[in-house]
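Following: one structure in structure tokens, then a few remarks.
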């Protein structure tokens, strides 16, 4: 139909500059651009046509499949090698096998891969087809109306009409919306995973259209940039037919893949279609990384190649000599060439060399690569299936996005972690604030938060706590009551909250981000609430009396502004829950925001004329002067207030009528009880959780954001009612400015205000310089210094701080700024840069209002995970953009820093200072002897280098560990070429490194540095877009599929729901994957060397003629068929150490880091063993058949059988876990060999030259010697290995072996109680619990319990002495206890039973998770420490208790603590004994 | 209205988005296989656990070895059927090009292969434009000495009495009846082989190998035996069978024997040697003491290692016990 449109290239590269011009596709008359192809042309004229909307992600077509797929497969060097060898075989002089047969395995491998690719491509094709055939309404020129079309039929220039909840088919420029404001909301979850709504705006010039948009009248031309993949940028302009130009930006563009929400219908013109859409340009394929193990393996493959060449050369020389010796004598067996001439020895040697390479090609196994890939796919499958990596809350499990680096997980040495959202939940909770120098500590709020935490960890103990709360409530003010009420409700929710309910809640929260009660229900500080209410009232009164605002004290006015700023200085969208995603709108007829300078002049001229440059033009004059502009507004808003008041009075809502907060508080309570949903709850959807937290905080002070439109924001106050601010501009947040601002016109004062909210470091510098002359200035100064000190305090508490500031603009200033801003806005080129400059111009001379502290809570289990990972020998670096103090505090909270640790802080202002400082630190570190004296060095540069805490005296033996804290600026210096080595050296000495204020680029540079300089395996974990570069640079990138969108996940190799899953991912799966693959690769090398060895020894007895006694069929299919399955099964399923033991003893992970399983020594030892085994397997048959009438293949077949048996037995020695699958695989291998041999040997009497093995196997099976050598040879071959293993296992066991022994002992210890139950009275409920606990068989659960107990036991030490950490103390304390105890294990069950009867409350916790012990206590650590200890030891007992629970009585809860303490030591005894054994071995 | 399209259906372009269906959970199945909790036997290799294996190996191998050794040594007595071998040493019948140089189809009597042998037979494929039957280097180098055994029964009767050497029954049954066949057709063997010529080194064509019809041509057992290429350069091949005549007398009674060798086969060219071996066989073949010795040795070593492990285990356990308590 339109040939021009059809000719398109997939993913056309961005052309050289230029832009795209889009016209309406409905006007055929346009000269240069054919009929319907008219829609598009490029600036320059001749240009490739734009793509249509057809999606084609398939790689192949029917025709191109074979050549293209082959071409791709030959990118793998191994395939080329094997094909070359197979082809070499076609040369008659050197052919070793039948040529066709030699090709078979290569073809087989290629075919399997090709089939896999074909299947994948087919499924892609099917999904493409489904997407291409989605329907959509497109305006048709012929029918003059919207008709249904398939997605694939959409072209650039088409007009599409989309309805609510429809998916956008292409990148569409928004031209019309059913929304009166010309707005459209979209959800971009498909693009970036963010579920909050984003707002899009109709192109300027179309929003004012009164009637419905008619595509036929569209004559404008759109110029925009060429297709690119930048989701966050779109530039262009639209030229109307009258020559007017209007700028376009990303607010006007609807991206393909997003969903229309909250808007009935929109119409737009397609700008980019199909593969030119931003969504598709962003869709890069899966990542391919090469794992370290594979690199090492490739190196060993090269060794094998070398070995192969050596063997072949040796043979060649041997053959040359042999030929020379026998040729001249015309030996009978010397076969001349076809023409009768005889080969010269040299030629014969060359031929022999080539033939040997063919014969010995199995040394580089064709199946190795395929097997490894199969094993990795299975490993990925099992990781994905792990129930312990499944997060119930978010219903997500771990995703492996990179398929081929699973084993890298077992070798990680450095972890680079983001802080926000990775270690913390990224759930922002308002904690406290300071306004105009007064701090409001929000103690009740803190208590409330603490309660949530407790509710998290101690669901069961509602009764006693509740009592104390209500007590507190009655004593205290209303907050107590209110808070108690809430906690009750959440409690009950949590308690009754079955799994399903939790899930429902989580689903809900996924649709509307950030709506957990914890974040919403903020308990206001009474003092502040009073003040807010006061100024609300004052303002209301003054407003009614038409008084100016001025009579408010500066503090009160600051408070008021502060809350207004909290409420409106953001981009929060308001929705209401009963109509999900439907905007709450009460529309006021307001003028649209200032869009043009004329508009501004029209509206502001009067004031400009009269108020001459008196910058603080008084309110009164303003008001009187430009009534023309704003009278409408004020009138209306006054009306609305009254309207609102009436409405309110109609409701039984005493909150308004009340005049004191206490009565109001009662009303809160009373109002809630009967009908909790009555209060119209607004839901806020924010782009960042901080914003939502602040808006919720403001709402707690009755300053509620109720509506936001592009041009106005409405705030509701109890007395003032609804205030509607005219929103003139929003200067969005960016990471360079680190702040955002809104420009509004204040409805009360009519002033133009700028509210700025941003990081304290930047905002504090932008404040209006205040003179210390007058009192006011001094006051301001004092306020600032106070605020600054509070900010520091917040940071120390680990809170995120934000400063709120305000600026009052005079009309002139505003006009002046506006001019520049509008220019910037409409400019086509470097609009961003200009807007940035414009924002900088606005955000100066600010007046500080106050600051807020927001808490970002730690995720569950972060401290435990970090300590486990540490024990596993991983170095953890935290790279964060946060403030130093905040970062240090969080680091303390998550146990990254210990309090007895020396902290080196590097803050340098210049390169030289940094160098000097580093030097100093290095000297210090090196000189640090056993007596570490705290040094304090402060140079003239503003640097600090001081150990925060001096080392505790008892730790002098090992010395206190060091930690390094460095800020972004110093990091930049330290990463310079000349300093990086020093920095790294210093960092290496430190236990943990904390980089604060670092940019994404710095993050990736740090990772790169460690990776390249230290040659270490690195893992980067993060959740946000700012972590992407770091994730990409690291060997293993892990993304947290959290709240900050999907960018990190998209860039990552693995995506986990929470940080704590990293522990299991690395310590269990990483270790398994590494150990499995390492062993499998080693086994592969062994197997092939051993097999090739057999052939090589034979060369000594066949004149080095490259003859093979093993039938070529066996030779070729041996690796592929007979011996492949068992090793695959072992490679996939073998567990050298059980998961519980690994988690219990994280130091076992170190074996992977040190590459203990697969190191060069292991490789060469393996090769030597292979050589020995092949010698045995060759010479025993040789001797057994020496000087007999055996023929070549009757002799070779037993050797093959022997080799197979030896391989299986060898694998048996190496296999640590025998499941029925292993047995089946081994049996299958042997049976397969026998079957194939029997069939092959009876199939054809004259085929398969030269061996022609007819009836060989059958004859052999009747020969007792065959059985005799099949028995003795494998045993002899493997005796040394078995003996060595046994010796090593007994005398020099590795850590891993110790771990296994420990696990076994542990299991045995618990065998006794189990048996007792098995005898009879095993209570039903116990059985139920055992199975419910997620474990299959009782013994499994017992072992799990055992692990649990011991792990809990490991957490014990803090109880005894919080300072002594680690195992030594465990041993010390437990040894005497153990000696009191009666010998033998059965005793262990009795105390457990005794205790368990008394604390049944804890039993259920055990089944939740092993590492969930009370996360909050660690946050508020020190005072609660003993209770934490108690809790963890309780759950220790509960492990036993669940096994031994006979009766459950919940009455003894109160007594539990004391009783437990008295009886607790006993169950520890045996556990500590175990522990002791474990450490003893270690 | 196209309202019914599920917003989560979109799979192109975007990332694998979070699952929309609330009903479907992603929770993995809690099965033993998927959770890698299959019941398993987990042996730990230490001295204590491994030493029984060594003892068992020792205890099994030593008796077997002794049994084999005794059997093998008993072979000496010439009773029952006696097998007569010829032995060659330093003859590389397993040389790659030599092994290939044959045409099994031809030997199977395939007429087309008979007249057009495989290329593998080069340069012994054709002679003076006639196809060689049987072609190839193996057949060409066939052992062609004649061995005759005479018994000089006693001094009184000086005329040696020839011992009946059975020419048949020395090849594998399947070789004789399945793999090797004379060409089909009417008439005598000579007619069947018409149009072919003898191998270069042979004095006579293939149909004159034996007088008996069922041991002539391709199914001549000497040829069949020769065509089964030996595995190692020192080998023996069955030449004749001396059948036991009656139970009362030994097959080869004690006495003086006289071996008459018609020397045709050159072995000097490859520094080889020829041997003639007379042997009986037991259930495990000819006389070879190696296996018995090997079993005894391996069994003893295994036993010894077991003892070593026992000692180690004993010491180790003691030390670990003391460490424990």
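Protein chains in written order, with our numbering: chain H, 278 to 1759; chain W, 924 to 1248. Ideal Cβ placement from N, Cα and C applies to all residues, glycine included. As the structure is a computational prediction, the values presented were derived from the model and not from experiment.
The three-state secondary structure of residue 822/H, taken from DSSP, is coil. Not a single C-beta of chain H is nearer than 9 Å to the C-beta of residue 1115/W. Residue 1142/W: not part of any beta strand (DSSP E); DSSP gives it neither H nor E.
Fewer than three Cβ pairs drawn from the stretch 1489-1499 of chain H and the stretch 1013-1031 of chain W lie within less than 8 Å of each other, which leaves the two stretches out of contact.
For residue 1441/H, the enclosing alpha helix (DSSP H) covers residues 1437-1461. For the options 1152/W, 1202/W, 1008/W, 1102/W, the alpha carbon positioned closest to that of residue 1163/W is the one of 1008/W. Any Cβ of chain W closer than 9 Å to the Cβ of residue 610/H would place that residue at the interface, and such an atom is present.
Any Cβ of chain H closer than 9 Å to the Cβ of residue 1016/W would place that residue at the interface, and such an atom is present. Residue pairing from DSSP places residue 998/H in a beta bridge opposite 994/H. Close to residue 1021/W, with beta-carbon spacing below 7 Å, are these residues of chain H in chain order: 610, 612. Burial is judged here by how many other beta carbons sit within 10 angstroms of a residue's own beta carbon; residue 433/H has at least 16 and is buried. At a cut-off of 9 Å between beta-carbon atoms, residue 1380/H makes contact with chain W.
For residue 1211/W, the nearest CB of chain H lies under 9 Å from its own CB, placing it at the interface with that chain.
What residue 1578/H touches in chain W, judged by beta-carbon distance under 7 Å, is 967, going in chain order. Below the 9 Å Cβ cutoff, chain H contributes 1522, 1523, 1529, 1531, 1532 as neighbours of residue 1102/W, in chain order. Boundaries around residue 1035/H are those of the beta strand (DSSP E), 1029-1035, since no alpha helix (DSSP H) includes it. Here residue 1106/H is exposed, its C-beta having fewer than 16 other C-beta atoms within 10 Å. Secondary structure of residue 1067/W (DSSP, three-state): coil. Here the stretch 1244-1260 of chain H makes contact with the stretch 1278-1286 of chain H; the two share three or more CB pairs at distances below 8 Å. For residue 1412/H, the residues of chain W that pass the 9 Å Cβ criterion are 959, 963, 965, in the order they occur in the chain. Taking 4 residues as the minimum length, the alpha helix (DSSP H) runs contained wholly in the stretch 1128-1172 of chain H are 1139-1148, 1161-1170, in order along the chain. At a beta-carbon threshold of 9 Å, none of the residues of chain W lie near residue 337/H; the nearest stands roughly 18 Å away.
Bounds of the alpha helix (DSSP H) holding residue 1022/W are 1019-1023. Look at residue 1071/H: its C-beta is not under 9 Å from any C-beta on chain W. Our two residues, residue 1289/H and residue 1489/H, have alpha carbons roughly 39 Å apart in a direct line.
For residue 617/H, the chain W residues whose Cβ falls inside 8 Å of its Cβ are 1046, in order along the chain. Counting C-beta pairs closer than 8 Å gives fewer than three between the stretch 1026-1038 of chain W and the stretch 1212-1225 of chain W, which falls short of the contact rule. With a minimum length of 4 residues, the unbroken runs of alpha helix (DSSP H) contained wholly in the stretch 1526-1585 of chain H fall at 1533-1538, 1541-1568.
Annotation: the continuous beta strand (DSSP E) that includes residue 983/H extends over 981-986. Three or more beta-carbon pairs separated by less than 8 Å link the stretch 493-510 of chain H to the stretch 544-552 of chain H, which places the two stretches in contact.
At least 9 Å separates the beta-carbon of residue 1008/H from that of residue 1111/H. Taking one beta carbon from each stretch, the stretch 1385-1401 of chain H and the stretch 379-396 of chain H have 3 or more pairs nearer than 8 Å; the two touch. At a cut-off of 9 Å between beta-carbon atoms, residue 1119/W makes no contact with chain H. Note on residue 400/H: under 16 other CB atoms within 10 angstroms of its CB, so exposed under the neighbour-count rule. Residue 1262/H and residue 1153/H have their C-alpha atoms some 15 Å from each other. Among the CB atoms of chain H, none fall inside 9 Å of the CB of residue 1068/W.
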